[in-house]
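Asker: Take any residue in the sequence shown, note its place counting from 1, add 86, and you have its number in the working numbering.
Beta carbons are placed, not taken as given, at the ideal position from N, Cα and C, and that holds for glycine.
It should be emphasised that the depicted structure is a prediction, and the values quoted were computed from it without experimental measurement.
The structure's right below; bear with me while I get my questions together.
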Amino acid sequence: MNLTKSGMISIVGRPNVGKSTLTNALVGEKIAIVTNKPQTTRNRICAVLNRGECQYVFMDTPGLHKARTRLGEYMVGVVKESVADVDAVMLLIEPIPHVGGPEAELIARIRALGVPVVLVINKIDTVKKEELLTVMQVYQAECDFQAIVPISAKNGDGVEELLNVLAAFLPEGPQLFPDDMITDQPERQVCAEIIREKLLLCLDKEIPHGTAVELSKFSERENGIIDIDATIYCEKASHKGIIIGKNGAMLKKISTLARKDIEAFMGAKVFLETWVKVKENWRDNLNFIRDVGYRDE
Numbered sequence: 087m088n089l090t091k092s093g094m095i096s097i098v099g100r101p102n103v104g105k106s107t108l109t110n111a112l113v114g115e116k117i118a119i120v121t122n123k124p125q126t127t128r129n130r131i132c133a134v135l136n137r138g139e140c141q142y143v144f145m146d147t148p149g150l151h152k153a154r155t156r157l158g159e160y161m162v163g164v165v166k167e168s169v170a171d172v173d174a175v176m177l178l179i180e181p182i183p184h185v186g187g188p189e190a191e192l193i194a195r196i197r198a199l200g201v202p203v204v205l206v207i208n209k210i211d212t213v214k215k216e217e218l219l220t221v222m223q224v225y226q227a228e229c230d231f232q233a234i235v236p237i238s239a240k241n242g243d244g245v246e247e248l249l250n251v252l253a254a255f256l257p258e259g260p261q262l263f264p265d266d267m268i269t270d271q272p273e274r275q276v277c278a279e280i281i282r283e284k285l286l287l288c289l290d291k292e293i294p295h296g297t298a299v300e301l302s303k304f305s306e307r308e309n310g311i312i313d314i315d316a317t318i319y320c321e322k323a324s325h326k327g328i329i330i331g332k333n334g335a336m337l338k339k340i341s342t343l344a345r346k347d348i349e350a351f352m353g354a355k356v357f358l359e360t361w362v363k364v365k366e367n368w369r370d371n372l373n374f375i376r377d378v379g380y381r382d383e
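Spelled out as structure tokens, the structure:
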């Protein structure tokens, strides 16, 4: 593939605006886990798209929020660092005619760095055209955006136009990643994230936010079957019981859903075993946070 332009583009915004859904829509693959719960994304995730003469490297980031734990502080740090040393930033918002605190903070930081910023208004299928125009006017008055692109990441509307707009910000130069690479995340990490996605989808309230997943085994047999041993950590003994469920039903459901997605991602049959352990207050334990894969870049 003859790629003559390549660059890094950061996707930032408050929690639950659709950053991971957009990341997946842009590259046409499920790279980032997606749920309807805030703070689903904890790490910076790179997703790579080769299109025409361009290689786009998108950085999906955690939602900017008020940190209440060491894990939260780490996530906010990831967001703030992600707008430095990139070729462009996408500020993703919902169609609300008000510049909130997280958006104002991000705009100020991006402005100080002098990075080109594209305003991307998501979920346009939920508002009328007149309301969308008002949102565009309110934000344009706050910051001189290089472009404003309305989209629906869920439906794919506007994604092609967004890629065309972003191509203008990619500098000429060699590609940053090989042709066959779609993410910088190791397979092991992607599989752990898939399990965590199912925890978020199957469990209610605060319980899934207090979970972490660590793979103690990730190996391939001679016949191509992949063996994965996963430990799910939670913060309370009562949460452990809920995750396991009556007669192990909930853990079986989570494991089955995760295994199916992991098999689709790996393109191979997977044998997945899961355990649940209690690690009290792990979100404030910096060493443990690093042990389960959340590390500074």
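From residue 288 to residue 340, what distance separates their C-alpha atoms?
Answerer: If I take the Cα positions, the gap works out to 7 Å.
Asker: Hey, residue 277 and residue 301: beta-carbon distance below 9 Å or not?
Answerer: Yes, these two residues count as a Cβ contact at 9 Å.
Asker: Just the C-alpha distance for residue 201 and residue 244, rounded to the nearest angstrom, thanks.
Answerer: Their backbone Cα atoms lie some 23 Å apart in a straight line.
Asker: Pull up the CB-CB distance for residue 107 and residue 133, whole angstroms please, since I reckon it's below 8 Å.
Answerer: Actually they do not touch by this definition, with Cβ atoms about 12 Å apart.
Asker: Exposed or buried, residue 254, counting other C-beta atoms within 10 Å across all chains shown (16 or more means buried)?
Answerer: Exposed is the call here.
Asker: How should residue 144 be labelled, buried or exposed, when 16 other C-beta atoms within 10 angstroms of its C-beta is the threshold for buried?
Answerer: Buried is the call here.
Asker: Would you kindly check if the distance between the Cβ of residue 249 and the Cβ of residue 206 is under 9 Å?
Answerer: Not closer than 9 Å, so no.
Asker: Would you say residue 317 and residue 284 are within 9 Å of each other, going by their C-beta atoms?
Answerer: Their beta carbons are not under 9 Å apart, which means residue 317 does not touch residue 284 by this criterion.
Asker: In this structure, how does DSSP classify residue 265 when only helix, strand and coil are distinguished?
Answerer: In this structure, residue 265 counts as coil in the three-state DSSP scheme.
Asker: What does a CB cutoff of less than 8 Å around residue 311 pick up in its chain, not counting 5 residues either side in sequence?
Answerer: Counting only Cβ-Cβ distances below 8 Å, and skipping sequence neighbours, we find 354, 355, 356 and 357.
Asker: Tell me which same chain residues have a C-beta within less than 7 Å of the C-beta of residue 274, skipping the five on either side of it?
Answerer: So the list reads 301 and 304, once near-sequence residues are dropped.
Asker: What does a CB cutoff of less than 7 Å around residue 279 pick up in its chain, not counting 5 residues either side in sequence?
Answerer: Answer for residue 279: 119, listed in chain order.
Asker: Are the segment 177–189 and the segment 217–235 touching, with three or more C-beta to C-beta distances below 8 Å?
Answerer: Touching, yes, given that three or more Cβ pairs across the two stretches are closer than 8 Å.
Asker: What does the alpha-carbon distance come out to for the pair residue 263 and residue 138?
Answerer: Their backbone Cα atoms lie some 15 Å apart in a straight line.
Asker: Span of the alpha helix (DSSP H) holding residue 377?
Answerer: Looking at the DSSP string, the run of the alpha helix (DSSP H) that includes residue 377 is 372–377.
Asker: I believe residue 195 touches residue 168 by the beta-carbon criterion, under 8 Å. Please report the beta-carbon distance rounded to the nearest angstrom.
Answerer: Actually they do not touch by this definition, with Cβ atoms about 10 Å apart.
Asker: So what does DSSP say about residue 226, is it helix, strand or coil?
Answerer: Residue state, collapsed to three classes: helix.
Asker: Taking residue 306 as part of the beta strand (DSSP E), name the residues at either end of that continuous run.
Answerer: First-last of the beta strand (DSSP E) with residue 306: 298–306.
Asker: How is residue 187 classed by DSSP in three states: helix, strand or coil?
Answerer: The answer is helix: DSSP assigns residue 187 an H, G or I state.
Asker: Determine which residues share a DSSP beta bridge with residue 145 and list them.
Answerer: BP columns for residue 145 point to 96 and 132.
Asker: Closest to residue 122 by C-alpha separation, out of 116, 335, 102 and 258, would be which residue?
Answerer: The shortest C-alpha separation from residue 122 is found at 102.
Asker: Answer yes or no: the CB of residue 327 versus the heavy atoms of the ligand ATP, is any distance below 8 Å?
Answerer: Annotation note on the ligand ATP: not contained in the displayed structure, which lists no ligands.
Asker: Just checking my contact of residue 91 with residue 256 at CB under 8 Å: how many whole Å lie between their CB atoms?
Answerer: Indeed they touch by this definition, with Cβ atoms about 4 Å apart.
Asker: By the three-class DSSP mapping on this structure, what secondary structure does residue 342 have?
Answerer: Residue 342 falls in the helix class under three-state DSSP.
Asker: Could you please give me the residues that DSSP links to residue 320 through a beta bridge?
Answerer: DSSP, once it has assigned bridges, lists 364 as partnering residue 320.
Asker: For the alpha helix (DSSP H) holding residue 278, just list the boundary residues, first then last.
Answerer: Taken as a continuous stretch (DSSP letters only), the alpha helix (DSSP H) holding residue 278 covers 273–288.
Asker: Can you tell which of 366, 100, 230 and 93 has the C-alpha that lies nearest to the C-alpha of residue 172?
Answerer: For residue 172, the nearest C-alpha among the options comes from 93.
Asker: Pop quiz: residue 213 and residue 174 are said to be a contact at Cβ under 8 Å. What is the actual Cβ separation, rounded to whole angstroms?
Answerer: That pair is no contact at about 25 Å.
Asker: Tell me the start and end of each unbroken alpha helix (DSSP H) in the segment 199–248 that is at least 4 residues and wholly inside, in chain order.
Answerer: As far as the segment 199–248 is concerned, its whole alpha helix (DSSP H) runs of at least 4 residues are 215–228.
Asker: Would you kindly work out how many angstroms separate the C-alpha atoms of residue 394 and residue 210, rounded to a whole number?
Answerer: There is no way to answer for residue 394, as the model of the chain reaches only from 87 to 383.
Asker: Kindly indicate which three-state DSSP category residue 113 falls into: helix, strand or coil?
Answerer: DSSP places residue 113 in helix when its eight states are reduced to three.
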